[in-house]
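Working notes for the structure below.
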Amino acid sequence: MSEPLDAIDERILAALVDDARISNKQLAELVGIAPSTALMRTRSLSERGIIEGFEAILSLPAIGRSVQALIAVRLRAHDRDQIDRFTARVPALPAVISTFHTSGSVDYLLHIAVANTDDLRDWVLDNLATDPVVGHTETTLVFEHIQGNHGPLPE
Numbered sequence: 001m002s003e004p005l006d007a008i009d010e011r012i013l014a015a016l017v018d019d020a021r022i023s024n025k026q027l028a029e030l031v032g033i034a035p036s037t038a039l040m041r042t043r044s045l046s047e048r049g050i051i052e053g054f055e056a057i058l059s060l061p062a063i064g065r066s067v068q069a070l071i072a073v074r075l076r077a078h079d080r081d082q083i084d085r086f087t088a089r090v091p092a093l094p095a096v097i098s099t100f101h102t103s104g105s106v107d108y109l110l111h112i113a114v115a116n117t118d119d120l121r122d123w124v125l126d127n128l129a130t131d132p133v134v135g136h137t138e139t140t141l142v143f144e145h146i147q148g149n150h151g152p153l154p155e
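First residue of the sequence shown? That's 1 in UniProt numbering, and the numbers climb one at a time after it.
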């Protein structure tokens, strides 16, 4: 286990979760530390694996992917070869936003975004229904995605 987070680390993380594009100078001012300390602390948080990365969040409709769906996937068998085959191929497909390996009645939950419902149907047929590893799928359309916390911090 890495060293515990102190109050300064937590304030840095909260600021970065709120605005990952904040300048180092602004971050230092917000947290109440020197810019060199802010830079060192942020770098340390990254090196310790607490900050996994920074990303741009795109407007899916603006890039032509206005139809989102959650697809529950059950595999035919639960042997390591089939699991490895599925997890090596499916998360890398362009329409896939997130892949969750789950417990319960389904093995995986996929969050995908495509241009329209015809593309959704074709995507399921081309990428899941024809895959011999996949035993069953169930598709649920997403009407609205309400974002939660990007990085819940300890309370």
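Glycine included, C-beta positions come from ideal geometry on N, C-alpha and C.
In DSSP terms, what Arg74 is bridged to: Answer is His136.
Taking the straight line between their C-alpha atoms, what separation do you get for Arg85 and Val133? Looking at the two C-alpha atoms, the distance is approximately 8 angstroms.
Take Val17 as the anchor and find which of Glu55, Ser36 and Val90 has the nearest alpha-carbon. That would be Glu55, whose Cα lies nearest to the Cα of Val17.
Quick check for students: name the residue ranges of the beta strand (DSSP E) that lie wholly in the stretch 58-102, counting only runs of 3 or more. The stretch 58-102 contains these whole beta strand (DSSP E) runs: 67-75 and 96-101.
Tell me the residue span of the alpha helix (DSSP H) that contains Ile12. Counting along the chain, the alpha helix (DSSP H) containing Ile12 begins and ends at Ala7 to Asp18.
Could you check if Gln147 is buried or exposed, using at least 16 other CB atoms within 10 Å of its CB as the buried criterion? By the neighbour-count definition (other C-beta atoms within 10 Å, threshold 16), Gln147 is an exposed residue.
According to DSSP, is Val106 part of a helix, a strand, or is it coil? Three-state result, Val106: coil.
What does the alpha-carbon distance come out to for the pair Ala69 and Ala115? A straight line joining the alpha-carbon of Ala69 with that of Ala115 spans about 11 angstroms.
Give me the Cα-Cα distance between Ser103 and Gly32, rounded to the nearest whole angstrom. Straight-line Cα distance between these residues: approximately 44 angstroms.
Among all the DSSP beta bridges, which residues are the ones paired with His111? In the DSSP assignment, His111 forms a beta bridge with Leu70 and Ser98.
Between the C-alpha atoms of Thr139 and Ala62, what's the straight-line distance to the nearest angstrom? Cα-Cα distance, rounded: 23 angstroms.
Which residues share a DSSP beta bridge with Leu141? Looking at the DSSP assignment, Leu141 forms a beta bridge with Ala69.
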